[in-house]
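Colleague: Numbering (our numbering), first residue to last: 227 to 459. Virtual Cβ for every residue (Gly too), placed ideally from N, Cα, C. For clarity, every value in this text was computed on a predicted model and none was experimentally measured.
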């Protein structure tokens, strides 16, 4: 309790995602519903022109992200030639967007809906809907349907690797809760645990996820079958 109080005093507006989002709204940033800023103390949302920033619904902003509406490059011109030439622009982040760690989003950028931005990217141009972007500067590397196919094909092997490396590290087999992001390979909707159900409810798309579960059988018949595949293959 005391530790949390001290943390609140030290971090202030950056204590949690909720306190930071409320602060941003208070200074004029337009922020939609279900927006999560995972590490507010290591995130920079430009406050010079807060009314120039719009963030949509169901946006996930990870550690180290910077959103910029201005720069001071004009200082170089001022010191050489004399004029003060402002540099500012809007940033719009659409709905259902994931922004990877240490990404920089520059001024005059529009990120449309259903976009994934890879870690360490520098976004200097608009990102169209339903795309995956990465790089310096960020470029489109695939569309969302291609990414879905790529990630779907990786699920079983990634989960197997998690299980085997867990066993190597801790000397025991993991329980099913370890696989909170992979449970669909062995679990059906009706048998999902409380933790898995929370994942199903994320992002306001519970109905879509339930429909997917109803129309797609898991790769393994149950968790025991998955464990057998991991350790008796």
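1. Quick one: give me the first and last residue of the beta strand (DSSP E) that residue 446 is part of.
2. Would you mind listing the alpha helix (DSSP H) stretches within the segment 381–450 that are 4+ residues and don't spill past its ends, in chain order?
3. Hey, how far is the Cα of residue 434 from the Cα of residue 414?
4. Given that a residue counts as buried once 16 or more other Cβ atoms are within 10 Å of its Cβ, and exposed if not, what is residue 410?
5. In this structure, does DSSP put residue 243 in helix, strand or coil?
6. Determine the direct distance from the alpha carbon of residue 253 to that of residue 304, and round the result to whole angstroms.
7. So what's residue 366 in DSSP terms, helix, strand or just coil?
8. Consult DSSP for residue 229 and reduce its assignment to one of helix, strand or coil.
9. Could you give the DSSP three-state label for residue 316: helix, strand or coil?
10. For residue 396, count neighbouring C-beta atoms within 10 Å of its own C-beta (all shown protein chains included) and say buried if the count is 16 or more, exposed if not.
11. Which residues share a DSSP beta bridge with residue 358?
12. Would a C-beta distance cut-off of 9 Å place residue 369 and residue 322 closer than the cut-off?
13. Please say whether residue 275 and residue 263 have beta carbons closer to each other than 9 Å?
14. Exposed or buried, what is residue 286 when buried is set at 16 or more other beta-carbons lying within 10 Å of its beta-carbon?
15. For the 8 Å Cβ check, are there 3 or more pairs between the segment 368–382 and the segment 317–337?
16. Going by CA-CA distance only, name the one from 302, 301 and 365 that's closest to residue 329.
17. Could you give the DSSP three-state label for residue 311: helix, strand or coil?
18. For residue 333 versus residue 361, is the C-beta spacing smaller than 9 Å?
19. Is the beta carbon of residue 405 closer than 9 Å to that of residue 388?
20. List the endpoints of the continuous beta strand (DSSP E) containing residue 280.
21. Does residue 286 come out as helix, strand or coil in the three-state DSSP assignment?
22. Could you check what DSSP says for residue 257 in three-state terms: helix, strand or coil?
Modeller: According to the structure shown:
1. Per DSSP, residue 446 belongs to no beta strand (DSSP E) and is neither H nor E.
2. Counting only runs of 4 or more residues that sit fully inside the segment 381–450, the alpha helix (DSSP H) segments are 420–427 and 432–441, in chain order.
3. Cα to Cα, the separation comes out at about 15 Å.
4. Residue 410 is buried by the Cβ-count criterion.
5. Residue 243: helix per DSSP, three-state reduction.
6. Those two C-alpha atoms are separated by around 30 Å.
7. In this structure, residue 366 counts as strand in the three-state DSSP scheme.
8. If DSSP states are grouped into helix, strand and coil, residue 229 belongs with the helices.
9. The answer is coil: DSSP assigns residue 316 none of H, G, I, E or B.
10. The residue is exposed, with fewer than 16 neighbouring Cβ atoms inside 10 Å.
11. The beta-bridge partner set that DSSP reports for residue 358 consists of 342 and 368.
12. Not in contact: residue 369 and residue 322 (Cβ atoms no closer than 9 Å).
13. Their beta carbons are not under 9 Å apart, which means residue 263 does not touch residue 275 by this criterion.
14. It counts as buried.
15. The segment 368–382 is not in contact with the segment 317–337.
16. Among 302, 301 and 365, the Cα nearest to that of residue 329 is on 365.
17. Coil.
18. Against a cut-off of 9 Å, the Cβ pair of residue 361 and residue 333 comes out as no contact.
19. Going by C-beta atoms, residue 388 is nearer than 9 Å to residue 405.
20. Element bounds for residue 280: 279–281.
21. DSSP places residue 286 in strand when its eight states are reduced to three.
22. Of the three classes helix, strand and coil, the one that applies to residue 257 here is strand, per DSSP.
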